[in-house]
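Chains as they are written, first to last, in UniProt numbering: chain A, 1 to 280; chain B, 1 to 306. Beta carbons are placed, not taken as given, at the ideal position from N, Cα and C, and that holds for glycine. Here the structure comes first, spelled out in structure tokens, and everything after it is commentary.
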């Protein structure tokens with residue numbers, strides 16, 4: 001009972017600090033902007049720990065954060081092997097292939113107004129479909145190792161990136177295009193100097209959507225057959241053994257990897273599209 | 001309207017590619033089967049055939065090519081086979097039959113819609129909270145954005161099993177996944193929408209001496225409608241994907257996800273493919289429906305669709 005009371009107290013304390021910080025005079029400083037969400041996140045973890053202890057929740061249903069941290073410490077090698085198999089091989093290879101293919105098709109389609117008008121609706125339609133359902137088919141075709149995961153990921157990221165790139169390449173004003181024409185610029189100089197740069201915000205939007213899809217695709221595809229390594233494999237087998245701390249450890253790794261992947265894309269975007277209004 | 005022809009061309013291109021791919025994908029299987037049935041196949045040993053690519057084998061056995069389009073257990077079924085299977089399982093069976101895709105479709109659709117409704121409702125409430133409370137904005141919003149980068153969908157099957165072990169089964173666990181997935185797009189979109197009135201419009205309301213609720217109902221809420229619809233279209237397809245993934249490796253017996261898996265495990269590729277396409281059609285219909293409602297609503301409100 002003491003744990004529960006302590007949990008409620010921690011929650012009230014965390015919220016009170018945040019109210020003070022967010023409504024206080026220093027609320028717009030960088031440190032306050034970072035501190036408030038961090039305190040919120042930390043409060044949730046601490047309350048979770050205390051509630052699990054206080055209500056004596058079975059670790060088979062919900063392990064405490066300390067159990068998960070302990071597991072991450074003790075199974076570092078396994079987690080690293082899973083990370084390499086799923087993220088570095090499956091997700092990353094598929095992401096690069098899918099993005100490159102989408103980019104190439106977008107440039108090709110862009111040469112014809114007719115094709116652009118055909119590809120945008122079809123691509124948008126395909127992006128909304130449950131493509132992850134193709135996972136069993138790809139596993140059957142390409143075997144259970146990472147190649148089939150890369151294929152699922154490639155197909156999943158292909159359409160969002162394609163649609164965004166095609167839309168981006170169209171996003172130049174008539175004035176800008178006319179200016180290029182007065183410079184006697186041909187197709188390629190116009191593409192590289194005007195249209196690709198102005199398409200960059202759109203392309204990065206597609207690439208950012210793709211980061212999450214890549215992770216989902218790689219992990220879900222592993223549920224349908226994988227060698228005895230990989231995050232999806234580990235999640236489903238650990239689950240079978242009721243080792244929920246391992247499942248949560250993989251969740252933590254997946255969350256960190258997903259956020260890092262997204263973060264890297266945002267950083268590259270900031271470097272590349274520093275001129276865009278949304279970055280200033 | 002003027003993009004109908006280009007769209008049809010692109011679709012025809014995809015279909016053409018599919019039709020061509022059927023030949024090399026199935027050629028080895030077809031050649032083995034044809035030899036067992038007594039037909040002449042070159043080269044005549046399976047090991048020699050393994051060394052050839054699908055295209056090479058097809059060129060040496062031109063007379064077998066038609067068979068690749070009518071193979072019972074193909075690696076890649078031909079489009080007309082999938083269409084035939086879909087017509088048969090949608091119109092050819094009674095709706096209550098376990099073999100009817102309409103039945104399986106409903107098993108998937110019901111939790112999707114329930115979850116979507118829950119997720120959207122909660123998402124809108126949280127967005128209002130975020131817009132009006134600085135503390136919530138500063139503490140919850142960053143996590144709402146981070147949560148988008150976490151592949152939580154990959155854990156859907158586990159959530160189903162955990163809830164199942166606690167005695168919660170049926171519609172609700174799948175709805176929970178669907179709700180979670182539609183929740184965050186709605187939060188992010190609605191926050192953006194509720195903040196979309198510019199300073200000039202807010203100032204105008206202040207000069208009218210409008211109260212806070214008036215500002216909400218008369219300015220912020222209407223201004224957020226286009227953003228809400230954009231989020232709804234993302235949310236409903238995410239909900240459907242979530243429900244299907246939740247059905248995949250959990251031993252579910254009904255629903256599109258279960259059908260995809262059953263076809264895979266019992267060597268009936270047509271069943272999997274028909275379920276996949278039916279799921280795609282359902283997603284398209286749902287998104288299309290919201291697009292239609294969006295256009296009608298915005299027209300009534302005197303706005304342009306984004």
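Integer Cβ distance of residue i from residue j, believed to fall under 8 Å
i: residue 182 of chain B; j: residue 120 of chain B; result: 6 Å
i: residue 68 of chain B; j: residue 22 of chain B; result: 6 Å
i: residue 10 of chain B; j: residue 122 of chain A; result: 5 Å
i: residue 99 of chain A; j: residue 157 of chain A; result: 6 Å
i: residue 223 of chain A; j: residue 232 of chain A; result: 5 Å
i: residue 133 of chain B; j: residue 190 of chain B; result: Incorrect: roughly 14 Å between the Cβ atoms, too far for contact.
i: residue 259 of chain B; j: residue 241 of chain B; result: Not quite, the Cβ-Cβ distance comes to about 15 Å (not below 8 Å), so this is no contact.
i: residue 79 of chain A; j: residue 249 of chain A; result: 6 Å
i: residue 165 of chain A; j: residue 203 of chain A; result: 5 Å
i: residue 130 of chain A; j: residue 280 of chain B; result: 7 Å
i: residue 104 of chain B; j: residue 275 of chain B; result: 7 Å
i: residue 61 of chain A; j: residue 166 of chain B; result: 7 Å
i: residue 47 of chain A; j: residue 10 of chain A; result: 6 Å
i: residue 186 of chain B; j: residue 235 of chain B; result: 5 Å
i: residue 24 of chain B; j: residue 58 of chain B; result: 6 Å
i: residue 195 of chain A; j: residue 179 of chain A; result: Actually they are not in contact, since the Cβ atoms of residue 195 of chain A and residue 179 of chain A sit about 12 Å apart, beyond 8 Å.
i: residue 149 of chain B; j: residue 211 of chain A; result: 7 Å
i: residue 7 of chain A; j: residue 54 of chain A; result: 6 Å
i: residue 114 of chain A; j: residue 257 of chain A; result: Incorrect: roughly 41 Å between the Cβ atoms, too far for contact.
Where residue i falls: helix, strand or coil (DSSP)
i: residue 42 of chain B; result: coil
i: residue 128 of chain A; result: coil
i: residue 150 of chain B; result: coil
i: residue 12 of chain A; result: helix
i: residue 241 of chain A; result: coil
i: residue 133 of chain A; result: helix
i: residue 146 of chain A; result: helix
i: residue 104 of chain B; result: helix
i: residue 255 of chain B; result: coil
i: residue 56 of chain A; result: coil
i: residue 233 of chain B; result: helix
i: residue 228 of chain B; result: helix
i: residue 28 of chain A; result: coil
i: residue 184 of chain A; result: coil
i: residue 301 of chain B; result: coil
i: residue 122 of chain B; result: helix
i: residue 92 of chain B; result: coil
i: residue 171 of chain A; result: coil
i: residue 227 of chain A; result: coil
i: residue 63 of chain A; result: coil
i: residue 243 of chain B; result: helix
i: residue 40 of chain A; result: helix
i: residue 7 of chain A; result: helix
i: residue 193 of chain A; result: helix
i: residue 274 of chain A; result: coil
i: residue 258 of chain A; result: helix
i: residue 1 of chain A; result: coil
Practice problem: Report the residues of the segment 160 to 184 of chain A with a CB closer than 8 Å to any CB of chain B, ordered along the chain. | Solution: none
Self-check item: Contact list for the segment 108 to 142 of chain B against chain D, Cβ threshold 9 Å
Solution: No chain D is present in this structure, whose protein chains are A and B.
Self-check item: Residues from the segment 225 to 245 of chain B in contact with chain A, defined by Cβ distance under 7 Å
Solution: 237, 240, 241, 244 and 245
Quiz item: What are the uninterrupted segments assigned as alpha helix (DSSP H) that are 4 or more residues long and contained completely in the segment 151 to 224 of chain B, given in chain order?
Solution: 156 to 165, 171 to 194, 199 to 207 and 212 to 215
Exercise. Scan the segment 10 to 81 of chain B and note each continuous alpha helix (DSSP H) run of 4 residues or more that stays entirely inside, going in chain order.
Key: 46 to 50, 54 to 60 and 65 to 68
Quiz item: For the segment 192 to 224 of chain A, which residues have a CB atom closer than 8 Å to at least one CB atom of chain B, in sequence order?
Solution: 211, 212, 215, 216, 219, 220, 223 and 224
Quiz item: When Cβ atoms are compared, which residues of the segment 139 to 161 of chain A fall closer than 8 Å to chain B?
Solution: 140 and 141
Quiz item: If you measure beta-carbon to beta-carbon, which residues of the segment 9 to 38 of chain B are closer than 7 Å to chain A?
Solution: 9, 10 and 11
Quiz item: Which ranges does the alpha helix (DSSP H) cover as unbroken runs of at least 4 residues, wholly within the segment 72 to 120 of chain A, from first to last along the chain?
Solution: 76 to 83 and 92 to 110
Practice problem: Could you run through the segment 279 to 298 of chain B and flag, in chain order, every residue whose CB is less than 8 Å away from some CB of chain A? | Solution: 279, 280, 283, 284 and 287
Quiz item: Which residues, taken in chain order from the segment 66 to 99 of chain A, show a beta carbon closer than 8 Å to some beta carbon of chain B?
Solution: none
Quiz prompt | Residues of the segment 67 to 85 of chain B with Cβ closer than 9 Å to any Cβ of chain A, in chain order | solution = 75 and 76
Quiz prompt | Residues within the segment 147 to 160 of chain B neighbouring chain A, beta-carbon criterion of under 9 Å | solution = 147, 148, 149, 150, 151, 152, 153, 154, 155, 156, 157 and 158
Exercise. Scan the segment 229 to 253 of chain A for residues whose Cβ lies nearer than 7 Å to a Cβ of chain B and list them as they occur along the chain.
Key: 232, 235, 236, 239, 247 and 251
Quiz item: According to a CB-to-CB cut-off of less than 7 Å, which residues of the segment 265 to 277 of chain B neighbour chain A?
Solution: 272 and 276
Quiz item: Which residues, in chain order, does the segment 37 to 53 of chain A contribute to contact with chain B at a C-beta distance below 8 Å?
Solution: 37, 39, 40 and 41
Self-check item: Interfacial residues, the segment 165 to 179 of chain B to chain A, with Cβ spacing under 9 Å
Solution: 165 and 166
Quiz item: Taking Cβ-Cβ distances below 8 Å as the criterion, which residues of the segment 2 to 20 of chain A are in contact with chain B?
Solution: 15, 18 and 19
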